[in-house]
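J.: As they're listed, the protein sequences go chains A and B.
What the first sequence shows, in this note's numbering, is residues 39 to 265, in sequence order.
What the second sequence shows, in this note's numbering, is residues 39 to 265, in sequence order.
The C-beta atom is built at its ideal place from N, Cα and C for all residues, glycine as well.
Please read all numbers here as calculations on a predicted model, not as lab measurements.
Before I ask anything, here is the structure I am working with.
Protein chains: 2
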Amino acid sequence: MPADEDDAVQPALTREALARAALRVLERDGLAGLSMRKVAAEVGVRAASLYWHVRDKEELLDLLNDALMADVEAPPRTGDWRVQLRGYCERYRAHLLGRRDAAKVVAGRLAPGPNLLHLMEDQLDRLREAGFSAADAAMVSYLLGAYVQGFVLQEQSPMAAAETTGTGRRELADAAAERFRALPAAEFPNLVAMADDLTGPDLDTRFAFGLERILDGLAALLPPERR
Amino acid sequence: MPADEDDAVQPALTREALARAALRVLERDGLAGLSMRKVAAEVGVRAASLYWHVRDKEELLDLLNDALMADVEAPPRTGDWRVQLRGYCERYRAHLLGRRDAAKVVAGRLAPGPNLLHLMEDQLDRLREAGFSAADAAMVSYLLGAYVQGFVLQEQSPMAAAETTGTGRRELADAAAERFRALPAAEFPNLVAMADDLTGPDLDTRFAFGLERILDGLAALLPPERR
DNA sequence: TCCGAGCCCCTAACAGTGTTAGGTGCCGTT
DNA sequence: AACGGCACCTAACACTGTTAGGGGCTCGGA
């Protein structure tokens, strides 16, 4: 049984090939279904052989983490800082949303790989050019990262649940609203009254809302003529 | 062998007792070391018996999730909306930081338990009182949740690493700065130049920075006289 | 008083997990 | 021709979540 069509192109079993194989397994079976044995099979090898190239499963996940960051496209370098930063966050979110369980893999993983480093470099460069101080730029980068990772982490779990249970996102949101409405009104007056507000707006507009608030807050850091 | 000093106080094996046991195992062995067998042992029972009270490990984690949210103390209901909201986020962060792997457990877990519902209720109430519209209040709650969860998730992983490797946080940050400085300056000019800015400020000030930016952005939603 | 029902726990096992020890063939160098 | 190390292998270990089936225990009804 041919294990992998890459074998012709990439006969050597490198760490990069391992990362790509892990990426395919992740896409197929999700993070919970990603095992050393499956990744090994994907490259046509038995599990123990992976430990020649990689110390741990943890190290393989680090590789996978960087592979996940491979093709995040940076926004065009046109327009003011606000549209560029917005573009960055939107594309980053879309990228994570597009790969299965990406947020869970990325979440809380230190040791940024080369791909992420390039992204940071580019982002910091634009922040400096926009007029943010070095100290502020570093903080802003951290802030934006925390927001979009946190957001995607929360929105991607229901996506996975919807996939496995077969229910659509609209039905899931409606069910959530129903749960809020069913709460005892004496104890949770706001949750009951705001059930629609809490579950109604789709995640795109929720993400955009938060992002615009943050950008508003960042603008106050700049001298008035550069806002 | 006595399994648990709670046995005298709480002889019945309820779901709540299970959640508390899981909490103790989490504190002792971390999320990776939390197994059904260990939780069972903690309540003086064998693993298979847990499945009488709980469908899944997933369901046990839902219970654990809510147990984790048990004693987050709300800030005093004094001062303007800004100090109250800031207090909320700071306490929430401190609470998560105080329990081992809390962020990883909470991250991306849908189905809020009763404890979290009470928190949301209280927070929404204050937002409404501050003058935010129902739609805005719902969005703001979501935004703040994403930010602090995302932030704590990123900062708690190094804490775990520091614990297991025995190195202090300061040394860890210094090592990170060193890695940035060692990068090829032609490819990563900003990362190299800003190494200190990126790793220097401690996480408390980084968290506060992002939070103040967000609060600034939220203020713009309110009519000028209520800011 | 006996009997069944349901609750709550048990043992045993299954398939699968990460990881290590030790062995084996091949390939380039000396 | 012998050697060293690279890159794989088999076999096994301890552990995981989960299920099947069984056994007491207590209760309500006949």
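Measuring straight from C-alpha to C-alpha, what distance separates Glu43/A and Gly82/A?
T.: In this predicted model, Glu43/A has a pLDDT of only 37, less than 50, meaning its place in the structure is not dependable enough to derive any value.
J.: Measuring straight from C-alpha to C-alpha, what distance separates Glu128/A and Ala175/A?
T.: As the crow flies, the alpha-carbon of Glu128/A is around 19 Å from that of Ala175/A.
J.: Please report the straight-line C-alpha distance between Ala231/A and Gly71/A, rounded to a whole angstrom.
T.: So the alpha carbons of these two residues sit roughly 40 Å apart.
J.: How far does the alpha helix (DSSP H) with Ala168/B in it extend, from its first residue to its last?
T.: Pro152 to Ala168
J.: Could you tell me the distance, in whole angstroms, from the CA atom of Glu216/B to the CA atom of Asp234/A?
T.: 50 Å
J.: Using a cut-off of 9 Å between C-beta atoms, extract the partners of Met158/B located in chain A.
T.: Near Met158/B (Cβ distances below 9 Å), the residues of chain A are Phe226, Asn228, Leu229 and Leu236.
J.: Which value, in whole angstroms, describes the spacing of the CA atoms of Gly125/A and Ala112/A?
T.: 8 Å
J.: Short check: CB of Asn228/B to CB of Glu167/A, under 7 Å?
T.: no
J.: Taking Cβ-Cβ distances shorter than 7 Å, what residues in chain B pair up with Pro142/A?
T.: In the sequence under discussion, the amino acid at residue 142/A is Lys, which differs from the Pro named in the question. Near Lys142/A (Cβ distances below 7 Å), the residues of chain B are Gly146.
J.: Taking the straight line between their C-alpha atoms, what separation do you get for Asn153/A and Ala55/B?
T.: 45 Å
J.: Do you know whose CA, among Ala141/B, Arg207/B, Leu51/B and Thr237/B, lies nearest Trp90/B's CA?
T.: Leu51/B
J.: Could you compute how far the alpha carbon of Gln192/B sits from the alpha carbon of Leu162/A?
T.: In a straight line, the C-alpha of Gln192/B is about 19 Å away from that of Leu162/A.
J.: Alpha carbon to alpha carbon, how far is Leu253/B from Arg265/B?
T.: 10 Å
J.: Counting only the same chain and skipping the five closest in sequence on each side, list residues whose C-beta sits under 7 Å from that of Phe245/B.
T.: Arg131 and Phe189
J.: Express the C-alpha separation of Glu80/A and Gln48/A in angstroms, rounding to a whole number.
T.: Bear in mind that the predicted position of Gln48/A carries a pLDDT of just 42, short of 50, making it unreliable; the figure below should be weighed with that in mind. Take the alpha-carbon of Gln48/A and the one of Glu80/A: they are about 13 Å apart.
J.: Taking Cβ positions only, does Asp254/A come closer than 7 Å to chain B?
T.: yes
J.: In or out: Pro40/B buried (at least 16 other Cβ within 10 Å) or exposed?
T.: Reliability of the predicted coordinates at Pro40/B is poor, the pLDDT of 36 falling under 50, and the value obtained from them is presented with this limitation in mind. Exposed is the call here.
J.: Is the distance from the Cβ of Ala57/B to the Cβ of Leu101/B below 7 Å?
T.: Closer than 7 Å, so yes.
J.: With H, G and I counted as helix, E and B as strand and the rest as coil, what does DSSP make of Glu263/A?
T.: helix
J.: Starting from Glu65/A and walking both ways along the alpha helix (DSSP H), at which residues does that stretch end?
T.: For Glu65/A, the uninterrupted alpha helix (DSSP H) segment begins and ends at Arg53 to Asp67.
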